[in-house]
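Residue numbers 1 to 121, in full-length UniProt numbering, belong to the letters of the sequence shown in order. Below you'll find the structure, written out as structure tokens, and then a few comments.
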Amino acid sequence: MKHVKHWQDPVNAVAGVWLIVSPWVLGFQGNSLAMWTMVATGIVLGAVALGATFVPHQWEEWTEVALAAWLAVSPWLLDFRMVEPALVNAVLVAAVIMVLALWVLVTDKDYLGEALDRPAH
């Protein structure tokens, strides 16, 4: 079995699973925008994080950063900020995803090397 390069990726996969089930656990499944935002983001996050777990690439971490940014602003963009459990869930989970993805990006010497080896235009 292959060694997991970054422990943060399986944690982000778990965060994806949490996003999928959170509307029912936290009781906001009645708000379809909030529910589907969590479910869709959770599915994409889970797929990307699992990919990063087994075949790590820098782009997967940047995709997680983008998903975190989307999740953080989605309550305002999609107008479900008044659904407090969904709002708090989105912002807190986004913060976790963002911190973990950026942690990998700034600590993995292979990823840092990719960014430093690119020629300037």
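Where is the CB? At the ideal position from N, CA and C, for every residue including glycine. Only a predicted model underlies this, so the values are computations on that prediction, with no experimental measurement involved.
- Burial is judged here by how many other beta carbons sit within 10 angstroms of a residue's own beta carbon; Glu84 has fewer than 16 and is exposed.
- When secondary structure is reduced to three states using DSSP, Pro10 falls in the helix class.
- The beta carbons of Ala68 and Ala94 sit about 4 Å from each other, so the pair counts as a contact at 8 Å.
- Met38 is classed as buried because its beta carbon has at least 16 other beta carbons within 10 Å across all chains shown.
- Residue environment: Phe54 is assigned as exposed (fewer than 16 neighbouring CB atoms within 10 Å of its CB, all protein chains considered).
- Rounded to whole angstroms, Trp18 and Ala86 show a C-alpha spacing of 12 Å.
- Contact annotation: Val11 and Glu61 have beta-carbon atoms that are not nearer than 8 Å.
- The closest CA to that of Met98, considering only Phe80, Ala47, Leu71, is found on Leu71.
- The C-beta of His6 has 16 or more other C-beta atoms within 10 Å across all chains shown, which makes the residue buried.
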